[in-house]
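For what it's worth, the numbering used here labels the leading residue of the sequence shown as 3, then goes sequentially.
Note that the Cβ used here is the ideal one computed from N, Cα and C, for glycine as well.
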Amino acid sequence: MIKIVDVTIRDGGYENNWNFSLNFVDSLIRGLAEAGIEYIEVGHGYGLGGERDFGAMAHTDREYLDLINKININAKIGMFANVNICKVDDVKLAGEFGLDFLRVGFIGYRSPHPMSGLPQLVGEAKRQGMFVSVNMVLSTLYSDKDLLENLKFIEDLGSDVIYLVDSTGGMLPNEVTRKIELLKTNSNILVGFHGHQNYDLAVANSLSAVKAGADFVDGTLLGLGRDLGNAQLEILINVLEDSGYNLEIDSMKLVDLTDSVVSSLFERSRGARKQNILMAKYGVMKHSLDLAYKIAEEKKVDVREVLALMKNKNIHFPTYEEVVGYFVRGNR
């Protein structure tokens, strides 16, 4: 089954300098887990130790680690580590608090020692019992030969996952397909994809990655993230489900979570809101959605019940009388 990684706090924090209160993080993690998200990434955008050189967060790594250690949920919580920033002691600290997974990123394109520090961080994370991913930042710049050399090295380190990362958001779906297929064909470990939205293709690229065999894909609520953001999680889940993938994730709980927890913190125009997602999911236009809200309020039911009725009964241009008639007759 495809695994979804939520990176709202880690990558989305680029939009507010990681000014997330402990209460916000607690509420978000619990809400994500309740919706069925299995992997949740928290912490500084630059990873463990990022607060030393790239600006403090609202709370320290230690404070966030202490919080997540106390949250009893059915989900795995992890952090990011950059080989140029994170120290082995940072990984040890995370291990002491029982961090579930660590994703180690490196920028290796045409640099003299691209993977310097990678063996130490991966090795320590594995010793601490963590599930480990190695993320190839700026993957778009790697040739096929580079990718396969990286894959061999990363496999030998004992990493559980290798990630293709579209850091600049410039990859096209056919490129994602080809590179994921290359990694899957030659890999003995799991393969993931992390997209960005600069070409407005993060969701499309994530779908291409999954179709090509990717085991993991990432997203953020509201599409929050560096530059133009990441794949919007609420949309990504719906697109994957509509494409036939059973994720066992309640996408509408994610929509409600965005409305109740995230939207108030991030006032921005980009990112599809609840009404956009409802229209796409149930195949209705704005006037039909407005009617559904009106009837839902009158009948004291969730608007999605009304929208589902419209969809199931093939009511494309609903009238008030027609839809209410089903409620009156009890034929829903």
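The DSSP-derived three-state label of Lys5 is strand.
Sequence-distant partners of Glu151 (beyond 5 residues in either direction) whose C-beta falls short of 7 Å from its own C-beta are missing from its chain. If you look at Asp244, you'll find it in the alpha helix (DSSP H) that goes 235 to 244.
Boundaries for Gly80: no alpha helix (DSSP H) harbours it, while the beta strand (DSSP E) harbouring it runs 78 to 84, taken from the DSSP string.
Taking a cut-off of 8 Å on C-beta distances, the segment 249 to 258 does not touch the segment 161 to 168, as fewer than three cross pairs fall below it. Excluding five sequence positions before and after Arg54, the CB atoms of its chain that fall closer than 8 Å to its own CB belong to Ile87, given in chain order. Pairing Val136 with Arg105, the inter-Cα distance amounts to about 6 Å. Of Asp148, Ala35, Ile39, Ala58, the smallest CA-CA separation from Tyr48 is found for Ala58. Between Val93 and Gln130, the beta carbon gap of about 7 Å places them in contact (Cβ cut-off 8 Å). Shown here, Asp162 sits in coil according to DSSP, grouped into three states, outside any helix or strand. Nearest Cα to Asn232 within the set Asp8, Leu24, Val193: Asp8.
Positions of the alpha helix (DSSP H) runs, each at least 4 residues long and wholly inside the segment 91 to 142, are given as 120 to 129 in order along the chain. Residue burial is scored here from C-beta neighbours: Asn84 has at least 16 other C-beta atoms within 10 angstroms and is therefore classed as buried.
Note that the segment 89 to 103 does not touch the segment 33 to 40; fewer than 3 beta-carbon pairs, one per stretch, sit closer than 8 Å. DSSP, read as helix, strand or coil, puts Tyr295 in helix. Here Tyr144 carries a coil assignment [DSSP, helix/strand/coil]. DSSP places Phe329 in the uninterrupted alpha helix (DSSP H) bounded by 322 to 331. With respect to Glu243, Leu256 sits apart: the two C-beta atoms are not nearer than 8 Å. Met287 counts as exposed, since fewer than 16 other C-beta atoms from the protein chains shown sit within 10 angstroms of its C-beta.
Between the alpha carbons of Asp63 and Ala211 lies a distance of about 32 Å. Bounds of any beta strand (DSSP E) do not take in Val178; it lies within the alpha helix (DSSP H) bounded by 175 to 188. Per DSSP, the continuous alpha helix (DSSP H) segment holding Gly52 begins and ends at 52 to 55.
A Cβ-Cβ contact shorter than 8 Å links Asn207 with Val178. With fewer than 16 neighbouring CB atoms inside 10 Å of its own CB, Ser262 falls in the exposed class. Rounded to the nearest whole angstrom, the CA to CA distance from Asn76 to Asp102 is 12 Å. Assignment of beta strand (DSSP E) within the segment 17 to 48, counting only whole runs of 3 or more residues, yields 41 to 43 in chain order. In the three-state scheme derived from DSSP, where H, G and I count as helix and E and B as strand, Leu203 is classed as coil. Around the beta-carbon of Glu324, fewer than 16 other beta-carbon atoms lie within 10 Å, marking it exposed.
In the DSSP assignment, Gly197 is bridged to no other residue.
Annotation: Asp217 is outside any alpha helix (DSSP H) and is labelled neither H nor E by DSSP. The bridge partners DSSP lists for Thr222 are Gln234. Under the DSSP definition of a beta bridge, Val167 partners with His196.
Look at Thr10 here: in three-state DSSP terms it is coil, with no helix or strand label. Here the C-alpha atom of Met117 lies approximately 47 Å from the C-alpha atom of Tyr284.
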